[in-house]
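Undergrad: Mind having a look at this structure? Questions to follow.
Protein chains in written order, with full-length UniProt numbering: chain A, 1 to 440; chain B, 1 to 300; chain C, 1 to 312; chain D, 1 to 250.
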């Protein structure tokens, strides 16, 4: 027994030593260290995590070089400080992420954390961020619950939550006078799919009160095979089929559904479908209505206006580096990093040019608004902690000349048209018929 | 087409796929007594290999004879078996024969983790597509529904695989020796059977079947990281239902799961997630070792 | 004999308590999580002594975590002692229900059935949107008999609480392992037939081990939930359970402290490989697992504690 | 006549096409020592396995002390007082000789072993040691099973079975795997110990010298049937037994 105690002592000593060795790697004053967490493995790596960080890397490199982007983003790094990145894989579940978050803040001593695609992680991390008083940006995840169920001081989400995705879809249908007698859904069987379907049916109940819900299918996440589900959808013959699937699940569904002619029988609408266009190309059928969870990807490129230069600069750099055009994920990473840059520089303007503390950063970020390739981002909800942004829905159309899939009939929705106003929960807002919505 | 017929067709298509992905698992368990979690990785690698191989086939002028892509898929699965089979069995697993079953599950779990990242290193995270073989066989109209001809090809492939495995086990000398090893490896060792060669052969066959499952699935999906993890649990369930080590058991298990899942999707979509465990629980309640388990009489 | 055990227990506690002073925040949190998970693995070690390995301890880990979260959220209970007790109670009841059923199965069937049970819980929770679905729920910080610490104090209190639980549970399990029933468990691992022919019920032996595993799993889950501040169905997913099994195998069934050392080592390896190999941490972890299995076939415990008569 | 403590009536058992027991009728009086002879596969071990509940007869009745025990499991039957040893010694290989004995003694002592009391305590060890000494294997007490000779394993196997309130003892080939010069000493020890406590004994044996020397009565098995049931000298001179069992060698 005594020897076991010694063993135990040995392990603890080793741990203490490792702690020491890994110890203070705190950033200097001329560097701003960010922890970036996104999926590098697993199913979300291909669709979100890797493109997001590819975009992030392009932007960070350009910023560190300085003067590559149009004003107001022409200053080097964050307020002149060099940006240093610690990258962590988001795969492995919320338990792991909470531990990694603590490690990033307490061991790596990062100045800010930017991350999280999975809504589970976005719910798990904020309480810890507040406990550690660590400035944290949620850059991608969709669940409205983060700030509707809780309030946090040091946590900000720079992307709109998922409500606007499905509200925009329903508005698009209505504004184009698409007749809908019945609709059905095929969504992944986890929170994202369940919430998206609830939002879509809620929005449809307001805009198409007579449309009948035929069937709601929830195949397992990562199922890959949709043969049976497609049979069910073919049998039910709904006017419209809604899906919030993403990544491999969406690609598999589209390939299998189009092979069996589902798109000829029902109108298919995809709330987050833009990111599979570069991969599917011609395999993506024409006439699909789809969104990009914001004015991202093709919709941003097609928008024009004063943000064109910023968009094109990043778009071209990304395309040159990776040989493919950027879809929604890099746009969300860009808006997060540009927001962080704006906040850091605002805080430095106020504190006399020192590297801002967590408190100063949080104060600067609160209620901030800034321009990103995806449009004007406004931290308008949850007491200045939750962003709203414009959205766009378009229709797929194959351009045979260019040999590329395009979006046509794009409709742009103002932030305040598809997002609830401050103080109203998304679900209530939809159920009450979008009170306070400001649409052109 | 009425509901029952739709359920049957959908169920058969899914069962065909389930059988192909689980028969290799049960074969490997029967012979090596190892429940191979890395079976899922071999499935995924098979899918990647097929995607690369079919892609290369069309890149090198395969358009003239697109049906050759099916050959490319099978060749891809064979390659996976030939490379990874000996590597894993000779290089690793053989050191764990006769050890605790659960320890062996962990060994293969470690292999699974390693292969997950190895796949990323080889193929990256971008998806691979090879949909040509999927649409090549045309549509099949059944009443108001369309099916893809390829779906039925999968059923046919499952039947061919099943027959091939059954025939080679029961109608060849080698197969009978394998059956003897499944029954009692110690006894066959004393009878002069080269058990090592049997183990290697069985593992390679298992790897081939896993990779073939992946290769056949590749055209219907986008081949992306994380593909293997979802296959393991369903294949486990099918194999447990049928009885570990039983080939007919895997067939019956696949049919039971396939058809009950199809019924659930059409009639009670909420229950789809649970149906596989439900079938498993019911079967094990009445037959604790699965439907066709090998009996383990012990001499005392 | 018991005096030695008590001395070791006190020694272990002093060592762990020293960690509360010496360790930096992140390491203390890592240790608290590792010790909580170690409790779950200790339950598996108890079953391993009888020759069974549960691949579904995530069931109780998750059940304990959700019980604590729901009691805290719905009834407003935040006292850590009460929450631990309630979760342990719930797991005791559920374990007593499933134990006798599962105890009739052996080897891989026991492993897979226990896995199936935990996957059913996973599926159910994932479906239940009222409980947050796959996104899970948050749970507030615990109080200790009315004391409501924050920051480092909270982390230290939580860590010390886990340390006490670990020492108490470890000591009790050691007493159980060395008891008459414990010896019969070991005999069962070796030769069930003999045990039955001596007139003891193998099923009863296994049921007890299963129930103890359930209670330890529930306690571990409660601590983990309180430390993380968040629970989700992933607690019951098979990969979570697989980790517990790995720690149990890494520790071996001979030594109790080895279980917690193994748990800490795994957490460290994972955390550092995550940081240094963000793209290939699974590969690193897999290789680490293989090395451990090859180098230490009987677990860490075999380094310090051998069975009597073992000549080597 | 003493009352039959074990009464087997019309028992049949077949495994597929193989008949392992056919029309088995045996009545064993209390305190008697019976031996079972027959070639391999004749049905001796099947008989032992049926009486001790390892396999269930297809039909027929087995009564123990007037109580029907047909279909009970090994544990129930053991608890009633019918104990057995094994052809291949059934020991716990990872435990020491003493620990094996402690396991047996603990279970025999109480149906509810303690979760608290240390099994390695002085009291338990002394009790185990006494039994080991009685069977003259105490010197091996700290060794692990795989290190033991066949004879010691066999004795430990039997000692573990006897440790309790034995009423009927079935010994399945107690001297197989035992060195020739150890056979008689082992049988002396075992049979004497059992006779001293008035235990009814049934043992399976191939060595006819042992059969003649230790048993009151012999049952000869052939092809699942009992072809002779009488005193040893009568059975061994039976022409059928000579032809089918002893091969004329005796």
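We treat Cβ as the ideally placed atom computed from N, Cα and C, and that holds for glycine.
Small disclaimer: the values here were computed from a predicted structure and weren't measured.
Hey, residue 258 of chain B and residue 15 of chain B: beta-carbon distance below 7 angstroms or not?
TA: On the second chain, residue 258 of chain B is found 258 positions in, with the first residue counted as 1. On the second chain, residue 15 of chain B is found 15 positions in, with the first residue counted as 1. Taking 7 angstroms as the Cβ cut-off, residue 258 of chain B and residue 15 of chain B qualify as a contacting pair.
Undergrad: Let me know the beta strand (DSSP E) ranges lying completely inside the stretch 117-170 of chain C, each 3 residues or longer, listed in chain order.
TA: Listed in chain order, there is nothing to give.
Undergrad: Shorter than 7 angstroms from the beta carbon of residue 106 of chain C to some beta carbon of chain D?
TA: Residue 106 of chain C sits at position 106 when you count from the first residue of the third chain. Not one chain D Cβ lies under 7 angstroms of residue 106 of chain C.
Undergrad: Is residue 323 of chain A buried or exposed, if buried means 16 or more other CB atoms sit within 10 Å of its CB?
TA: Start at 1 with the first residue of the first chain, and residue 323 of chain A comes out as number 323. It counts as exposed.
Undergrad: Counting contacts by CB-CB distance shorter than 7 angstroms, is residue 191 of chain A in contact with chain C?
TA: Along the first chain, read from residue 1 onward, the residue named residue 191 of chain A stands at position 191. Yes, residue 191 of chain A lies at the interface with chain C (some Cβ there is under 7 angstroms from its Cβ).
Undergrad: Determine the closest residue to residue 191 of chain C out of D:195, D:66, D:89, with distance taken between C-alpha atoms.
TA: Counting from one through the third chain, the residue named residue 191 of chain C turns up at place 191. Out of D:195, D:66, D:89, D:89 has the C-alpha closest to the C-alpha of residue 191 of chain C.
Undergrad: Taking 6 angstroms as the limit between beta carbons, can you name the residues of its chain near residue 45 of chain C, skipping five residues before and five after?
TA: For the purposes of this step, residue 45 of chain C is taken as residue 45 along the third chain, with counting starting at 1. These residues qualify, in order along the chain: 248, 253, 259.
Undergrad: Under DSSP, the beta strand (DSSP E) around residue 179 of chain D begins and ends at which residues?
TA: As a working note, residue 179 of chain D is residue 179 in the fourth chain. Unbroken run through residue 179 of chain D: none, as it is neither H nor E.
Undergrad: So, using beta-carbon positions, are residue 32 of chain C and residue 157 of chain C closer together than 7 angstroms?
TA: Taking the third chain and counting its residues from 1, one reaches residue 32 of chain C at position 32. Taking the third chain and counting its residues from 1, one reaches residue 157 of chain C at position 157. Cβ distance not < 7 angstroms, so residue 32 of chain C and residue 157 of chain C don't count as in contact.
Undergrad: In chain order, what residues of the same chain have a beta carbon less than 6 angstroms from the beta carbon of residue 332 of chain A, not counting five sequence neighbours either side?
TA: Within the first chain, numbered from 1, the residue matching residue 332 of chain A stands at position 332. 139, 140, 159, listed in sequence order.
Undergrad: Kindly confirm or deny that the stretch 289-309 of chain A and the stretch 159-171 of chain A touch, where touching means at least three C-beta pairs closer than 8 angstroms.
TA: Output reads yes: the stretch 159-171 of chain A touches the stretch 289-309 of chain A.
Undergrad: Can you check which of these residues, B:32, B:100, B:144, B:49, is closest to residue 89 of chain B by C-alpha distance?
TA: In the second chain, the residue the question calls residue 89 of chain B occupies position 89. Here the closest residue by C-alpha is B:32.
Undergrad: Does the stretch 18-34 of chain D touch the stretch 275-286 of chain C, meaning 3 or more C-beta pairs lie closer than 8 angstroms?
TA: With the cut-off at 8 angstroms, the stretch 275-286 of chain C and the stretch 18-34 of chain D do not touch.
Undergrad: Just to check my reading of the structure: residue 393 of chain A and residue 411 of chain A have Cβ atoms closer than 8 angstroms, yes? What is that Cβ distance to the nearest angstrom?
TA: Reading the first chain from its first residue, position 393 is the one you call residue 393 of chain A. Reading the first chain from its first residue, position 411 is the one you call residue 411 of chain A. Confirmed, Cβ separation roughly 6 angstroms.
Undergrad: Among C:182, C:270, C:166, C:74, which one has its Cα closest to the Cα of residue 10 of chain C?
TA: Counted from its first residue, the third chain places residue 10 of chain C at position 10. Comparing Cα-Cα distances from residue 10 of chain C to each of C:182, C:270, C:166, C:74, the minimum goes to C:166.
Undergrad: Within the 7 angstroms Cβ cut-off, does residue 98 of chain A reach chain C?
TA: Walking along the first chain from the start, residue 98 of chain A turns up at place 98. Yes, residue 98 of chain A lies at the interface with chain C (some Cβ there is under 7 angstroms from its Cβ).
Undergrad: Could you tell me which residues DSSP pairs with residue 371 of chain A in its beta bridges?
TA: For the purposes of this step, residue 371 of chain A is taken as the residue at position 371 of the first chain. Partner(s): A:376.
Undergrad: Identify every residue that forms a DSSP beta bridge with residue 68 of chain D.
TA: Numbered from its first residue, the fourth chain carries residue 68 of chain D at position 68. D:63.
Undergrad: Does residue 50 of chain C come within less than 7 angstroms of chain A when only Cβ atoms are used?
TA: For the purposes of this step, residue 50 of chain C is identified with residue 50 of the third chain, where counting begins at 1. No, because no Cβ of chain A sits closer than 7 angstroms to the Cβ of residue 50 of chain C.
Undergrad: Find the nearest neighbour of residue 104 of chain B within the set C:101, C:111, C:42, judged by alpha-carbon distance.
TA: The residue given as residue 104 of chain B occupies position 104 in the second chain. Ranking the options by Cα distance to residue 104 of chain B, first place goes to C:111.
Undergrad: Looking at residue 236 of chain A and residue 184 of chain A, is the spacing between their C-beta atoms short of 7 angstroms?
TA: Along the first chain, read from residue 1 onward, the residue named residue 184 of chain A stands at position 184. Along the first chain, read from residue 1 onward, the residue named residue 236 of chain A stands at position 236. Yes.
Undergrad: Which residues, in order along the stretch 218-231 of chain B, keep a beta-carbon less than 9 angstroms from a beta-carbon of chain A?
TA: For the stretch 218-231 of chain B, which is checked against every Cβ of chain A, the residues closer than 9 angstroms are 219, 220, 221, 222, 223, 224, 225, 226, 227, 229, 230, 231.
Undergrad: Is there contact here, the stretch 106-118 of chain D with the stretch 177-195 of chain C, by at least three beta-carbon pairs under 8 angstroms?
TA: Taking 8 angstroms as the limit for Cβ pairs, the verdict is that the stretch 177-195 of chain C does touch the stretch 106-118 of chain D.
Undergrad: What are the complete alpha helix (DSSP H) segments, minimum 4 residues, inside the stretch 4-80 of chain C?
TA: Here the runs fully enclosed are 25-48, 58-75.
Undergrad: Can you list, in chain order, the residues of the stretch 17-32 of chain C whose Cβ is nearer than 9 angstroms to any Cβ on chain A?
TA: Answer in chain order: 18, 19, 22, 23, 24, 25, 26, 27, 29, 30, 31.
Undergrad: On the CB-based measure, 16 or more other CB atoms within 10 Å of its CB, does residue 345 of chain A come out buried or exposed?
TA: Locating residue 345 of chain A in the first chain gives position 345, where the first residue counts as 1. Residue 345 of chain A comes out buried.
Undergrad: Note down the Cα distance separating residue 38 of chain D from residue 206 of chain D, rounded to an integer number of angstroms.
TA: Here residue 38 of chain D is taken as the residue at index 38 of the fourth chain, counted from 1. Here residue 206 of chain D is taken as the residue at index 206 of the fourth chain, counted from 1. Using only the alpha carbons, I get a separation of about 7 angstroms.
Undergrad: Give me the subset of the stretch 254-273 of chain B whose CB atoms are less than 8 angstroms from a CB atom of chain A, sorted by chain position.
TA: Those residues of the stretch 254-273 of chain B that come within reach of chain A (Cβ to Cβ, closer than 8 angstroms) are 261, 262, 265, 266, 269, 270, 272, 273.
Undergrad: Out of C:295, C:64, C:36, C:96, point me to the one whose CA is closest to residue 243 of chain C's CA.
TA: Translated into the one-based positions of the third chain, residue 243 of chain C becomes position 243. Looking at the Cα atoms, C:36 is the closest of the given residues.
Undergrad: Between B:154, B:36, B:138, B:132, which lies nearest to residue 101 of chain B when the distance is taken from Cα to Cα?
TA: By one-based count along the second chain, residue 101 of chain B stands at place 101. Here the closest residue by C-alpha is B:36.
Undergrad: Name, in chain order, the residues that DSSP records as bridge partners for residue 36 of chain D.
TA: The count along the fourth chain starts at 1 and reaches residue 36 of chain D at position 36. In DSSP, residue 36 of chain D forms a bridge with D:204, D:219.
Undergrad: Rounded to whole angstroms, what is the Cα-Cα separation between residue 143 of chain D and residue 125 of chain D?
TA: Mapped onto the fourth chain, residue 143 of chain D falls at position 143. Mapped onto the fourth chain, residue 125 of chain D falls at position 125. Distance between the alpha carbons of residue 143 of chain D and residue 125 of chain D: 14 angstroms.
Undergrad: According to DSSP, is residue 188 of chain A helix, strand or coil?
TA: Translated into positions along the first chain, residue 188 of chain A becomes position 188. Residue state, collapsed to three classes: coil.
Undergrad: Assign residue 67 of chain B to one of two classes, buried (16 or more other C-beta atoms within 10 Å of its C-beta) or exposed (fewer than that).
TA: For the purposes of this step, residue 67 of chain B is taken as residue 67 along the second chain, with counting starting at 1. When all chains shown are included, residue 67 of chain B counts as exposed.
Undergrad: Following the continuous beta strand (DSSP E) through residue 242 of chain A, name the residue where it begins and the one where it ends.
TA: What you label residue 242 of chain A is simply residue 242 of the first chain in a count that begins at 1. Per DSSP, residue 242 of chain A belongs to the beta strand (DSSP E) from 240-243.
Undergrad: Give me the Cβ distance between residue 452 of chain A and residue 58 of chain A, rounded to the nearest whole Å; I'm assuming they're in contact under 8 angstroms.
TA: With chain A running from 1 to 440 in the structure shown, residue 452 of chain A is simply not present.
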